[in-house]
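Trainee: Let me give you the structure first, and then I'll get to my questions.
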Amino acid sequence: MLGIDTNIFPHTAEVNEANHLVIGGCDAVELAQRFGTPLYVFDEITLRRKCREFVQEFVQRYPDSQVVYACKAYINPALARLFNQEGLGLDVVSGGELATAQKATFPMDKIYFHGNNKGRDELEMAVRLGVGRVVIDNLDEIELLNDVAKASGKAQAVLLRVSPGVDPHTHGHTTTGILDSKFGIPIQTGQAEEAVIQVMHASHLDPVGLHFHLGSPIFQMEPYQEAIEVTMAFAAAMRERHGLEIREFSPGGGFAIQYTEDKPPPRVAQYADTIVSALHENCKAPTLPPPKLILEPGRAIVGQAGVALYTVGAIKEIPGVRKYVSVDGGMGDNIRPAIYGAKYEAILANRMGDKNRERVTIAGKFCESGDILVEDVEIPHAGPGDTIAIPASGADCLSLASNYNAAPKPPIVLIKDGGAQLIRRRETFEDLMRCDLI
Ligand code: PLP
């Protein structure tokens, strides 16, 4: 990667006279010096533009749409506040994500609570806080949630997450809408119909609609079309057979982003065209009243806004084989290359214009041979102290981060107009041992 590709880097990325990467008006090399590395930088303008793009593209085609950010891509209270300002809801999958939303005083009625094995304590918390929707994922949850709602004397609005049996052609670890998945209630086995009957007879559940999520990232449009067709046909049958009115429908998330130069994703407008036309078409045929449409992008909201900064340390050249450039982070803060074979670009943020380049492999500092961040990437000759920037790092890196090798997790700064706001400080060794008892 020679210059800056603003399809991969944040929209505000540019190069200054010192030949340094600049994001949100901040010199990335100065950010690395000021906050230390590894450092995660989120560009506020890109984040807000992504939120607005999703809202606009869907609302202009289907006014009764609500965009709900899927927190699993990464959430903290500062980002939750920003999403609230942009009018988004939140998709949470645990008591912890719910607590984060609560800390940000996020409106609870705009929260969708997902998960294939929510605990009673989590459901109690959700009902007590008044979350908008619980998305029921299996038959056992119906009785459990009804019990919890009954005990609190409330009726809980729910969606049923169905499994439409459609393959989105993603990595096996990120495919969820096929029959053999731990997520969702299969339509084709008759279990989804059984769930509809049970929910409709539950004293304290209000069945509002249906949901599916196929997997991530989805580069093709057909899986959405096919799954909407299957699910709306099921909705029509349930209306006819059991009187279920579908007031809400969600095709989940899964919207792709660009990580590398050779793999551009579909535009948000294409996803919106496909989903909205499929919904219209399939509501027409069996005459279903058009439901409210709920979209759950995660990666596509935060991915491009985030850049990871690292400092180069040891260099190891194996003649005729490979040159390893090691950095001060790795699989502790970004495990995606190790678990999914995820691909990234990388640049030398302190020598942007340098044309004297070589092919290297960027290795992390963790005690695993598989701790490779980027394999075979062309960058200028790097040496100790140089700053490496890896773009498209906003999604599924920090949320999957660990303290492997007792490494403190990195800090996060939110940047805009040349200002940097620390929204998470670096963990300390003391933080690592906070829960340990001697
Ligand atoms: N909705 C549900 C139910 C999910 O499980 C996920 C991801 O796992 C998403 C939305 C968000 O997916 P993505 O980040 O690919 O948009």
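Going by the working numbering, the sequence shown opens with residue 440, and the numbers climb by one from there. Note that beta-carbon positions come from the ideal geometry of N, C-alpha and C, so glycine has one too. Just so it is clear, the structure is predicted and the values come from calculations on it, not from any experiment.
So if DSSP puts R798 in a beta bridge, which residue, or which two residues, is it bridged to?
Mentor: Locating residue 798 in the sequence shown gives position 359, counting from the first residue. DSSP, once it has assigned bridges, lists E817 as partnering R798.
Trainee: When you compare only the Cα positions, how much space is there between D482 and I550?
Mentor: Position 43 of the sequence shown, counting from 1, holds the residue named residue 482. Position 111 of the sequence shown, counting from 1, holds the residue named residue 550. Computed Cα separation, rounded: 25 angstroms.
Trainee: For F622, which of helix, strand or coil comes out of DSSP?
Mentor: By one-based count along the sequence shown, residue 622 stands at place 183. Coil.
Trainee: Whole angstroms are fine: how far does the CA of I733 sit from the CA of G857?
Mentor: Here residue 857 refers to the residue found at position 418 when the sequence shown is read from its first residue. Here residue 733 refers to the residue found at position 294 when the sequence shown is read from its first residue. For G857 and I733, the distance between alpha carbons rounds to 35 angstroms.
Trainee: Confirm the yes/no value for this check: CB of R738, any heavy atom of the ligand PLP, distance under 7 angstroms.
Mentor: As a position in the sequence shown, residue 738 is number 299, starting the count at 1. Because some heavy atom of the ligand PLP lies under 7 angstroms away, the Cβ of R738 counts as near it: yes.
Trainee: If you reduce the DSSP assignment to three classes, tell me which class Q505 lands in.
Mentor: Mapped onto the sequence shown, residue 505 falls at position 66. Strand, per DSSP.
Trainee: Within the present structure, is the beta-carbon of S504 separated from the nearest heavy atom of the ligand PLP by less than 7 angstroms?
Mentor: Position 65 of the sequence shown, counting from 1, holds the residue named residue 504. S504 Cβ: outside cutoff for every heavy atom of the ligand PLP.
Trainee: Write down the C-beta distance between A781 and Y698 rounded to the nearest angstrom, noting that I regard them as a contact closer than 8 angstroms.
Mentor: Residue 781 sits at position 342 when you count from the first residue of the sequence shown. Residue 698 sits at position 259 when you count from the first residue of the sequence shown. With 8 angstroms as the limit, A781 and Y698 qualify as a contact, their Cβ atoms being about 7 angstroms apart.
Trainee: Whole angstroms are fine: how far does the CA of P690 sit from the CA of R600?
Mentor: For this step, residue 600 is matched to residue 161 along the sequence shown. For this step, residue 690 is matched to residue 251 along the sequence shown. Each residue's Cα considered, the two are about 10 angstroms apart.
Trainee: Give a single yes or no on whether P656 has its beta carbon closer than 7 angstroms to a heavy atom of the ligand PLP.
Mentor: Within the sequence shown, residue 656 is the residue found at index 217, counting from 1. Yes, the ligand PLP has a heavy atom inside 7 angstroms of this Cβ.
Trainee: Distance check for V715 and E632, CA to CA, integer angstroms please.
Mentor: To locate residue 632, count along the sequence shown from 1; it is residue 193. To locate residue 715, count along the sequence shown from 1; it is residue 276. Going from the Cα of E632 to the Cα of V715 covers about 25 angstroms.
Trainee: Residues in its own chain within less than 6 angstroms of Y763 by CB, not counting five upstream and five downstream?
Mentor: On the sequence shown, residue 763 is found 324 positions in, with the first residue counted as 1. Hits under 6 angstroms: K755, T800 and A802.
Trainee: Leaving out the 5 sequence neighbours to the left and right, which residues in its chain are closer than 6 angstroms to F622 when beta-carbon positions are compared?
Mentor: One-based indexing of the sequence shown puts residue 622 at position 183. Around F622: N555 and T615.
Trainee: How is A828 classed by DSSP in three states: helix, strand or coil?
Mentor: As a first step, residue 828 must be located in the sequence shown, where it is residue number 389. In this structure, A828 counts as strand in the three-state DSSP scheme.
Trainee: So is the beta-carbon of D576 under 7 angstroms away from any non-hydrogen atom of the ligand PLP?
Mentor: For the purposes of this step, residue 576 is taken as the residue at position 137 of the sequence shown. No, the ligand PLP has no heavy atom inside 7 angstroms of this Cβ.
Trainee: Output needed for V816: all residues of its chain with C-beta closer than 6 angstroms, excluding positions within five of it in sequence on either side, in chain order.
Mentor: The count along the sequence shown starts at 1 and reaches residue 816 at position 377. Within the same chain, V816 has close Cβ partners A785.
Trainee: Determine the closest residue to L618 out of P603, T609 and G629, with distance taken between C-alpha atoms.
Mentor: By one-based count along the sequence shown, residue 618 stands at place 179. Out of P603, T609 and G629, P603 has the C-alpha closest to the C-alpha of L618.
Trainee: Could you tell me the distance, in whole angstroms, from the CA atom of E525 to the CA atom of Q743?
Mentor: What you label residue 525 is simply residue 86 of the sequence shown in a count that begins at 1. What you label residue 743 is simply residue 304 of the sequence shown in a count that begins at 1. Roughly 17 angstroms between the two C-alpha positions.
Trainee: Exposed or buried, what is G730 when buried is set at 16 or more other beta-carbons lying within 10 Å of its beta-carbon?
Mentor: The residue given as residue 730 occupies position 291 in the sequence shown. For clarity, residue 730 is Pro in the given sequence; the question names Gly instead. By the 10 Å Cβ count, P730 comes out buried.
Trainee: By alpha-carbon positions, which one of Q495, A747, E580 and Y501 ends up nearest to L644?
Mentor: Here residue 644 corresponds to residue number 205 of the sequence shown, with the count starting at 1. The shortest Cα separation from L644 among Q495, A747, E580 and Y501 belongs to E580.
Trainee: Contact between the stretch 561-575 and the stretch 666-677: three or more CB pairs below 8 angstroms?
Mentor: Judged by Cβ distances under 8 angstroms, the stretch 561-575 makes no contact with the stretch 666-677, as fewer than three pairs qualify.
Trainee: Going along the chain, which residues of its own chain have a beta-carbon closer than 7 angstroms to the beta-carbon of I514, five neighbours each way excluded?
Mentor: What you label residue 514 is simply residue 75 of the sequence shown in a count that begins at 1. Excluding positions up to five away in sequence, the list reads E536 and T539.
Trainee: Y551 lies in the beta strand (DSSP E); which residues open and close that run?
Mentor: Counting from 1 along the sequence shown, the entry for residue 551 is found at position 112. It spans I550 to F552 - the beta strand (DSSP E) in which Y551 sits, taken as one unbroken run.
Trainee: Taking the C-alpha atoms as reference points, what is the distance between L839 and E679?
Mentor: Against the sequence shown, residue 839 aligns to sequence position 400. Against the sequence shown, residue 679 aligns to sequence position 240. Roughly 43 angstroms separates the two Cα atoms.
Trainee: Quick one: grab the DSSP three-state call for T750.
Mentor: Numbered from its first residue, the sequence shown carries residue 750 at position 311. Strand at T750.
Trainee: Measuring CB atoms only, is the stretch 763-780 touching the stretch 487-494, in the sense that at least three cross pairs come out at less than 8 angstroms?
Mentor: Short answer: they don't touch.
Trainee: Buried or exposed: N789, going by 16 or more other Cβ atoms within 10 Å of its Cβ?
Mentor: What you label residue 789 is simply residue 350 of the sequence shown in a count that begins at 1. Buried, by the Cβ-count rule.
Trainee: Rounded to the nearest angstrom, what separates R520 and A543 at their Cα positions?
Mentor: Taking the sequence shown and counting its residues from 1, one reaches residue 520 at position 81. Taking the sequence shown and counting its residues from 1, one reaches residue 543 at position 104. Computed Cα separation, rounded: 6 angstroms.
Trainee: Would you say the beta carbon of G693 comes nearer than 7 angstroms to a heavy atom of the ligand PLP?
Mentor: What you label residue 693 is simply residue 254 of the sequence shown in a count that begins at 1. Indeed, a heavy atom of the ligand PLP lies less than 7 angstroms from the Cβ.
Trainee: Given the structure, does A788 come close to the ligand PLP, in the sense that its CB is under 7 angstroms from one of the ligand's heavy atoms?
Mentor: For the purposes of this step, residue 788 is identified with residue 349 of the sequence shown, where counting begins at 1. No, the Cβ of A788 stays beyond 7 angstroms of every heavy atom of the ligand PLP.
Trainee: Check the DSSP bridge columns for K762 and list the partner residues they point to.
Mentor: What you label residue 762 is simply residue 323 of the sequence shown in a count that begins at 1. Paired residue(s): E756.
Trainee: Is the beta carbon of V852 sitting closer than 8 angstroms to the one on L598?
Mentor: Taking the sequence shown and counting its residues from 1, the one referred to as residue 852 is at position 413. Taking the sequence shown and counting its residues from 1, the one referred to as residue 598 is at position 159. No; because the gap between Cβ atoms is not below 8 angstroms, this pair is not in contact.
Trainee: Let me know the secondary structure DSSP gives V532 once reduced to three states.
Mentor: Your numbering for residue 532 matches position 93 in the sequence shown. V532: coil per DSSP, three-state reduction.
Trainee: In angstroms, rounded to a whole number, what distance separates the CA positions of L486 and H681?
Mentor: To locate residue 486, count along the sequence shown from 1; it is residue 47. To locate residue 681, count along the sequence shown from 1; it is residue 242. Approximately 43 angstroms, taken between the alpha carbons.
Trainee: Pick out whichever of S655, K855 and L578 has its Cα sitting closest to the Cα of M639.
Mentor: Position 200 of the sequence shown, counted from the start, is the residue given in the question as residue 639. Nearest C-alpha to M639: L578.
Trainee: Comparing the CB of D530 with every heavy atom of the ligand PLP, is any distance shorter than 7 angstroms?
Mentor: The residue given as residue 530 occupies position 91 in the sequence shown. Yes, the ligand PLP has a heavy atom inside 7 angstroms of this Cβ.
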